[in-house]
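Counting in our numbering, the sequence shown runs without a single skipped number right up to 302 at its last residue.
In this text, a Cβ means the ideal position worked out from N, Cα and C, and glycines have one as well.
A quick write-up on the structure given underneath.
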Amino acid sequence: MTNQLLGATELGLVYGLMVLGVFITFRILKIPDLTVDGSVVLGMSVTAMISNLGHPFLALFAAVLAGMAAGTVTGFLQTKVKVPPILAGILTMSGLYSINLLIMKGSPNVSLLGTDTVFSLFIGATGVSKHTGNIIVGFLICALVVVIIEFFFRTHLGLCIRATGDNEEMVRATSIDTDRMKWIALAIANGCVGLSGGLAAQYLRYSDVTSGSGTIVIGFAAVIIGEAVCGRRNITVGFISTIVGSVLYRVFIALAINTDFLPNYFLKFITVMIITIALAVSPVKEAITARKNKARRLKENA
């Protein structure tokens, strides 16, 4: 059981950056971006092919660029072709299926067994255990990306993106190009998703063209769980909550599967239940707080 919880923590950190990307579009830009299901596999496929050439670090950098390119395409469809956001994401995601097969030379999956990865290189250099090494590498990369993203969204450009998500009409009235803001935000978000896919490929040691199915649902679940635990006080807490939510989601799934109460094929049902419970936390908290405030006011007026 301990090994499974450690594995869940590792996987949560690996996919934490994917959740960060979902948070940027879903909470900051206020756009549901379904490109994620395709861009995460794009990051995996690019990383797998370059890692097999002996360049694991370059592979992760290429995964970021590939993810940003996918986000740019979605941004173009939304802003220039005027395709609705959800449909734009679906179109890009569908097109990426063929692109990912092209990158992997027509093969539905590519193995990374026997290939150096950032995880294996760190473990070999430090001599730590596999679980410890994976967690340290995942945590360090997540922390670095969160710091960079947090700094960016406090710059003038980042504030313009945040304002675009809050009130697009007002921002447009101040002569700020909101289309450009959307492009940049979608590119950054999918860059995070691509990097997450690259880390996942090196962690799992394979890339599969179907492995992105349902990723956006997992991302939403992790965002909601993270907010339920950490709250929504400010943007810094929001970014940190994505990593926390990603880890907790994987831990909850591992615990649910190991209880033997439900069979393994009920994984999607478990995900739905986790999302439902997480969504119910905030209204319940608000109802309890409102009831306490009402009781206090009645007591004061008595």
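Check                                                                                                                        : Outcome
Nearest candidate by alpha-carbon position, reference residue 184, set 208, 201, 162, 199                                    : 162
Cutoff 7 Å; reference residue 63; Cβ partners in own chain excluding five residues on either side                            : 43, 46, 47, 194, 195, 197, 198
Other residues of its chain near residue 139: CB distance less than 8 Å, five sequence neighbours each side excluded         : 13
Strand pairing of residue 111, partner residues [DSSP]                                                                       : 206
Close Cβ partners of residue 73 (< 6 Å) along its chain, the five nearest in sequence each way excluded                      : 92
Residue 108 to residue 60 span [Cα, whole Å]                                                                                 : 20 Å
Neighbourhood of residue 226 by C-beta distance below 6 Å, restricted to the same chain and skipping five residues each side : 241, 242, 244, 245
Residue 89 versus 78, 165, 178, residue with shortest Cα-Cα distance                                                         : 78
Residue 124: first and last residue of the uninterrupted alpha helix (DSSP H) it sits in                                     : 118 to 126
Boundaries of the alpha helix (DSSP H) in which residue 214 is found, first to last residue                                  : Neither: residue 214 is in no alpha helix (DSSP H) and is coded neither H nor E.
Delimiting residues of the alpha helix (DSSP H) encompassing residue 164                                                     : 156 to 166
Other residues of its chain near residue 121: CB distance less than 8 Å, five sequence neighbours each side excluded         : 56
The segment 273 to 281 contacting the segment 212 to 232, beta-carbon criterion three pairs below 8 Å                        : yes
Distance, residue 285 Cα to residue 68 Cα                                                                                    : 38 Å
Buried versus exposed call for residue 35 [16 or more other C-beta atoms within 10 Å across all chains shown]                : buried
Whether residue 16 touches residue 192 by CB criterion (7 Å)                                                                 : no
Residue-level contact to chain B via CB, residue 37, 7 Å cutoff                                                              : No chain B appears in the structure shown, which is made up of a single protein chain.
Continuous alpha helix (DSSP H) stretch holding residue 130: start and end                                                   : 130 to 152
Three-state secondary structure (DSSP) of residue 3                                                                          : helix
Residue 21 - DSSP class collapsed to helix/strand/coil                                                                       : helix
Beta-carbon spacing of residue 134, residue 300 below 7 Å                                                                    : no
Pairwise C-alpha distance: residue 209 and residue 267                                                                       : 20 Å
Residue 247 burial status per 10 Å Cβ neighbour count (16 or more: buried)                                                   : buried
Local Cβ density within 10 Å of residue 86, reported as buried at 16 or more and exposed below that                          : exposed
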